[in-house]
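Offset between the sequence shown (1-based) and this note's numbering: plus 35.
Ideal Cβ positions, reconstructed from N, Cα and C, are used throughout, including at glycine.
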Amino acid sequence: MHPNMIYVATGDVGEVPKICIWDTATTECLARITGFLNKGISNLSFSPDGTYLAASAGDENHCVAIYDWDKCTTASKNVANKSKKNNHEALIGTGQLTSAHVFQLLFNPSGDQLVATALGEVNFISFWGGAVRVQKGECSGAQSEKRPDAQALLCAAYLGTALVTGCFDGRLLIWKGKKLSHYFKAHDGPVNTIWGRPNLDGVITGSSDGTVKVWDQSLNQMKSVDTVMNVEVRKISIGQDKSIGCLNTKVSSVCEKSDGNILIGTRGGDIIEITKNNPKVLIRSHYRHALKGLATNPKKAEYATIDQSGLFSVWDVDPCTLR
Numbered sequence: 036m037h038p039n040m041i042y043v044a045t046g047d048v049g050e051v052p053k054i055c056i057w058d059t060a061t062t063e064c065l066a067r068i069t070g071f072l073n074k075g076i077s078n079l080s081f082s083p084d085g086t087y088l089a090a091s092a093g094d095e096n097h098c099v100a101i102y103d104w105d106k107c108t109t110a111s112k113n114v115a116n117k118s119k120k121n122n123h124e125a126l127i128g129t130g131q132l133t134s135a136h137v138f139q140l141l142f143n144p145s146g147d148q149l150v151a152t153a154l155g156e157v158n159f160i161s162f163w164g165g166a167v168r169v170q171k172g173e174c175s176g177a178q179s180e181k182r183p184d185a186q187a188l189l190c191a192a193y194l195g196t197a198l199v200t201g202c203f204d205g206r207l208l209i210w211k212g213k214k215l216s217h218y219f220k221a222h223d224g225p226v227n228t229i230w231g232r233p234n235l236d237g238v239i240t241g242s243s244d245g246t247v248k249v250w251d252q253s254l255n256q257m258k259s260v261d262t263v264m265n266v267e268v269r270k271i272s273i274g275q276d277k278s279i280g281c282l283n284t285k286v287s288s289v290c291e292k293s294d295g296n297i298l299i300g301t302r303g304g305d306i307i308e309i310t311k312n313n314p315k316v317l318i319r320s321h322y323r324h325a326l327k328g329l330a331t332n333p334k335k336a337e338y339a340t341i342d343q344s345g346l347f348s349v350w351d352v353d354p355c356t357l358r
């Protein structure tokens with residue numbers, strides 16, 4: 036998502052993948068970028084000012100490319116031709132990243148460095164002069180088998196100049212510069228997502244344990260009744276007796292809107308908006324395997340679906356909600 040919260044970048048999984056930047060308000064494709072990366076796009080990240088777009092590929096070296104994507108913008112009727120012409124002009128730097136699986140790309144607050152969280156390592160990437168230079172984060176003073184970073188580092192966000200990474204074992208690791216500073220247990224399951232709050236107000240974390248937690252700038256769990264503090268997705272209810280009923284409560288994504296409301300995406304295909312601990316389901320869907328069947332009710336404004344796992348659902352047509 037672009038910092039203006041209107042543009043969004045997507046990447047496909049083709050052998051020679053294409054990156055598209057879209058205007059969500061008009062659904063217009065603003066730019067298309069191809070070349071340099073192969074075997075699918077696995078991660079995308081805009082710089083804090085929105086100038087640059089970084090992408091990593093699904094090849095064995097997880098190659099990375101950084102673009103000045105605005106140099107590829109054009110009117111939608113001519114986007115294919117102009118994007119091919121300007122790809123080389125738009126490229127800032129490209130190179131190999133790591134053989135380890137990359138989970139997230141993230142720019143630092145000044146936009147002059149990238150971070151890649153990966154399996155068993157975090158990489159700091161500079162990209163000036165047309166090439167990328169990769170340096171692994173340092174975790175000195177610990178045996179390799181006991182290193183807190185010797186696991187999947189699933190996500191990251193900046194808190195000021197400090198980097199916060201979320202781990203498979205539920206810990207948060209805090210990095211000062213390129214060195215691990217300290218860490219602590221934050222969740223009882225993998226930390227899948229971290230959202231950096233604006234104005235150094237802290238971070239929000241989401242986990243496979245079904246919880247979302249808000250942390251202040253000192254990474255103390257917040258106690259204010261005016262914020263969502265430790266929302267248990269599996270126990271959220273609407274009103275007094277209608278359960279949200281998440282089929283899979285693992286939190287896969289989280290973000291905070293400008294009005295302070297928190298959006299939660301679950302592994303079960305739900306998108307939930309939280310307003311001072313009052314939840315509202317915005318979107319619900321199937322989440323496993325292929326959708327195999329659909330039938331409409333000839334007498335009511337409803338339809339039924341069933342997926343490959345055997346999950347049967349009945350939906351209202353207007354609004355499009357799960358019964």
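Note down the Cα distance separating residue i from residue j, rounded to an integer number of angstroms.
i      : j      : result
Asp351 : Glu337 : 4 Å
Tyr102 : Glu95  : 21 Å
Thr86  : Cys55  : 15 Å
Cys64  : His217 : 43 Å
Asn78  : Lys311 : 32 Å
Asp342 : Ser348 : 9 Å
Leu329 : Arg358 : 15 Å
Arg319 : Arg302 : 11 Å
Asp84  : Asp147 : 11 Å
Lys292 : Val169 : 33 Å
Gly300 : Asn313 : 16 Å
Arg20  : Lys211 : Residue 20 lies beyond the stretch modelled for the chain, which goes from 36 to 358, so this question has no answer here.
Leu215 : Cys174 : 5 Å
Asp251 : Cys290 : 15 Å
Val316 : Ala66  : 32 Å
Leu132 : Leu326 : 36 Å
Glu156 : Lys335 : 54 Å
Phe159 : Ala92  : 17 Å
Leu126 : Ser344 : 43 Å
Val137 : Thr129 : 16 Å
With residue i as the anchor, note down where its beta strand (DSSP E) starts and where it stops.
i      : result
Trp210 : Arg206 to Lys211
Ser293 : Looking at the DSSP string, Ser293 is not in any beta strand (DSSP E), and its letter there is neither H nor E.
Leu154 : Note, Leu154: premise wrong, no beta strand (DSSP E); not H, not E.
Cys190 : Leu188 to Leu194
Cys64  : Glu63 to Thr69
Trp230 : Val226 to Gly231
Leu141 : Val137 to Phe142
Thr200 : Ala197 to Cys202
Trp250 : Thr246 to Trp250
His217 : Lys214 to Lys220
Thr340 : Glu337 to Asp342
Thr331 : Leu326 to Thr331
Tyr87  : Tyr87 to Ala92
Lys285 : Taken as a continuous stretch (DSSP letters only), Lys285 belongs to no beta strand (DSSP E), as it is neither H nor E.
Under the three-state reduction of DSSP, which class applies to residue i: helix, strand or coil?
i      : result
Glu50  : coil
Glu124 : helix
Asp353 : coil
Asn313 : strand
Cys107 : helix
His78  : The amino acid occupying residue 78 in the given sequence is Asn; His does not appear at that position. Strand, per DSSP.
Met40  : coil
Ile56  : strand
Compare the C-beta of residue i with all C-beta atoms of chain D and state if any pair is closer than 8 Å.
i      : result
Ala330 : This model lacks chain D altogether, as it is built from one protein chain only.
Please confirm if the stretch 160–169 is in contact with the stretch 196–214, defined as three or more CB-CB distances below 8 Å between the two stretches. no
With a threshold of 8 Å, are at least 3 pairs of Cβ atoms found where one atom belongs to the stretch 238–246 and the other to the stretch 218–228? Yes, the stretch 238–246 is in contact with the stretch 218–228.
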